[in-house]
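Participant: Numbering (our numbering), first residue to last: 272 to 646.
1) When the distance is taken between beta carbons, is residue 504 closer than 8 Å to residue 473?
2) Report yes if the CB atom of residue 540 is closer than 8 Å to the CB atom of residue 623, and no otherwise.
3) Does the contact criterion of 3 or more C-beta pairs under 8 Å hold for the segment 553-564 versus the segment 622-641?
4) Would you mind reading off the limits of the alpha helix (DSSP H) that contains residue 573?
5) With burial defined as no fewer than 16 other Cβ atoms inside 10 Å of the residue's Cβ, what is the status of residue 309: buried or exposed?
6) When the distance is taken between beta carbons, is residue 403 closer than 8 Å to residue 471?
7) Closer than 8 Å, CB to CB, is residue 615 near chain C or not?
8) Between the beta-carbon of residue 610 and the beta-carbon of residue 577, is there less than 8 Å?
9) First and last residue of the alpha helix (DSSP H) that includes residue 656?
10) From residue 307 to residue 297, what distance separates their C-alpha atoms?
11) Evaluate residue 291 with the Cβ neighbour count: other Cβ atoms within 10 Å of its Cβ, from every protein chain shown; 16 or more gives buried, anything less gives exposed.
12) Out of 524, 522, 530, 535, which one is the CA nearest neighbour of residue 512?
13) Identify, in the order they occur along the chain, each residue of the same chain with its Cβ nearer than 7 Å to the Cβ of residue 358, setting aside the five sequence neighbours on each side.
14) For residue 593, count neighbouring Cβ atoms within 10 angstroms of its own Cβ and tell me buried if that reaches 16, exposed if not.
15) Please go through the same chain and pick out, in chain order, the residues whose beta-carbon is closer than 8 Å to the beta-carbon of residue 374, but skip the five residues on each side of it.
16) With distances taken between CB atoms, is the gap from residue 607 to residue 456 smaller than 8 Å?
17) To the nearest angstrom, how far is it from the Cα of residue 613 to the Cα of residue 626?
18) Considering only residues of the same chain and omitting the five flanking positions on each side of residue 497, which have a CB-CB separation below 7 Å?
19) Is residue 278 buried or exposed, if buried means 16 or more other CB atoms sit within 10 Å of its CB?
20) Please report the residue range of the beta strand (DSSP E) in which residue 368 lies.
21) Compute the Euclidean distance between the alpha carbons of residue 303 and residue 344, then round it to the nearest angstrom.
22) Since residue 643 is in the alpha helix (DSSP H), which residue starts that stretch and which ends it?
23) Taking Cβ to Cβ, would you say residue 295 is nearer than 8 Å to residue 464?
24) Answer with buried or exposed for residue 525, where buried requires no fewer than 16 other C-beta atoms within 10 angstroms of its C-beta.
25) When you compare only the Cα positions, how much space is there between residue 629 and residue 350?
26) Name the two residues that bound the continuous beta strand (DSSP E) containing residue 387.
27) Nearest by alpha-carbon distance to residue 584: which of 468, 530, 605 is it?
28) Suppose you measure from the CA of residue 595 to the CA of residue 363; what does that come to, to the nearest Å?
29) I need the straight-line Cα distance from residue 566 to residue 468, nearest angstrom please.
30) DSSP beta-bridge partners for residue 375?
31) Drop a sphere of 10 angstroms on the beta-carbon of residue 301, count the other beta-carbons inside from all chains shown, and report buried for 16 or more, exposed for fewer.
32) With a threshold of 6 Å on Cβ separation, who are the neighbours of residue 377 within its own chain once the five nearest residues in sequence on each side are excluded?
33) Starting from residue 354 and walking both ways along the beta strand (DSSP E), at which residues does that stretch end?
34) For residue 506 and residue 282, which I take to be in contact (beta-carbon distance under 8 Å), what is that distance rounded to the nearest angstrom?
35) Hey, how far is the Cα of residue 620 from the Cα of residue 538?
Next comes the structure, spelled out in structure tokens:
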């Protein structure tokens, strides 16, 4: 009951604050509209790719896949895609790491599998090839199945390159994030990080008003106070972010995809992380000025490395790309964009795990420091 009372008190105070509501709700909406409109021509889905270099190796004895690869290579000449075959797998992987190629395809005819290795520096190029490769794999599987029943038909099918034997959803501009979609996601994750300041000022505000001392001497345990502060900050931020998402989805028409529960899980983990960082920093610092300075210095760096202001891939810098992987915002943004535009969920678990791990560390620090404080 004590925890619930603290939560209700903080929620009432939070929603009475016009400054906080403006920062957490109106500010991201305005940024989404401004950036989404101003940069719409730069991210309109009609993306011109430079030359895409693809390295590949074919293992096995069947010539069908090699013939199919040659046909694929001819079809992609108009898209400025250049294929190169190699038999040295280790050297191929090194060339990929060095940034000489966007991706490396390792094909094993005996095992009927194609492995794709990507260089994050050329994320967009590699994604384009991955989409084309999905088409190629489906067509090859059809040819392979037909060949099992009538091998004489294989050669004829491979020559009839213009016919479609499967229905394929290929890459198109609707599957690429427009500026309004990209900044709809990144401005939401940006403003979540600033909820750390709201949580931090919640702790500092209680100290400045001397209400924290009154709560400590009241019949409320420190554990209840601590849990109440965390939960109230998380709940307030969740409500604010849901308002931003709903408004951006139905009014601004930001594409949030069809799986909002998973997206909300990722965003919830970021909210918990941000609140925990704010509370941790509030207990680590002795003055409001120092706390404010630390958060205002750290948040923009994390957001920049996460691609919040501009996609990191645009810089074409391997070092910057590698460093950006240390930003939890990079994982959050990537996981959400992958879910919405490529239906890829592989980064969801790492993103959630990273966020909760950081949250755990800061909450442990805050908890230990809070227990040491005297009434």
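We put the CB at the ideal spot given by N, CA and C, even for glycine.
Facilitator: Taking the definition as stated:
1) Yes; because the gap between Cβ atoms is below 8 Å, this pair is in contact.
2) Inclusion of residue 540 and residue 623 in the CB contact set at 8 Å is warranted, their separation being smaller than that value.
3) By the Cβ test, the segment 553-564 is in contact with the segment 622-641, since at least three Cβ pairs between them sit closer than 8 Å.
4) Here the alpha helix (DSSP H) through residue 573 covers 559-576.
5) Residue 309 should be labelled exposed.
6) The Cβ-Cβ distance between residue 471 and residue 403 does not fall below 8 Å.
7) You won't find chain C in this structure, because it holds only one protein chain.
8) In this structure, residue 577 does not lie closer than 8 Å to residue 610 by Cβ.
9) Because the chain in this structure spans residues 272 to 646, residue 656 falls outside the shown range and cannot be described.
10) Looking at the two C-alpha atoms, the distance is approximately 15 Å.
11) For residue 291, the number of other beta carbons within 10 angstroms of its own is at least 16, and it is reported as buried.
12) Nearest of 524, 522, 530, 535 to residue 512, Cα basis: 535.
13) Once the five neighbours on either side are set aside, the close Cβ partners of residue 358 are 328.
14) Residue 593 should be labelled exposed.
15) So the list reads 325, 326, 367, 387, 388, 389, 390, 393, 396, 397, 400, 401, once near-sequence residues are dropped.
16) Yes. Within cutoff.
17) Near 23 Å, if we compare the C-alpha coordinates of residue 626 and residue 613.
18) Only 638, 641 meet the Cβ criterion.
19) Label assigned to residue 278: buried.
20) No beta strand (DSSP E) contains residue 368, which is instead part of the alpha helix (DSSP H) from 360-368.
21) For residue 303 and residue 344, the distance between alpha carbons rounds to 40 Å.
22) For residue 643, the uninterrupted alpha helix (DSSP H) run begins and ends at 619-643, by DSSP.
23) No.
24) In the assembly as shown, residue 525 is a buried residue. Its beta-carbon has 16 or more other beta-carbons within 10 Å.
25) In a straight line, the C-alpha of residue 629 is about 43 Å away from that of residue 350.
26) Here the beta strand (DSSP E) through residue 387 covers 384-389.
27) Of the candidates 468, 530, 605, the one whose C-alpha sits nearest the C-alpha of residue 584 is 605.
28) Their Cα atoms are separated by approximately 25 Å.
29) Their Cα atoms are separated by approximately 7 Å.
30) Partner(s): 326, 388.
31) Sixteen is the threshold: since fewer than 16 other Cβ atoms of the shown chains lie within 10 Å of the Cβ of residue 301, the residue is exposed.
32) Exclusion of the five residues before and after residue 377 leaves 328, 386 as the residues of its chain whose Cβ lies within less than 6 Å of its Cβ.
33) For residue 354, the enclosing beta strand (DSSP E) covers residues 352-356.
34) Contact flag correct, Cβ pair sits at about 6 Å.
35) About 12 Å.
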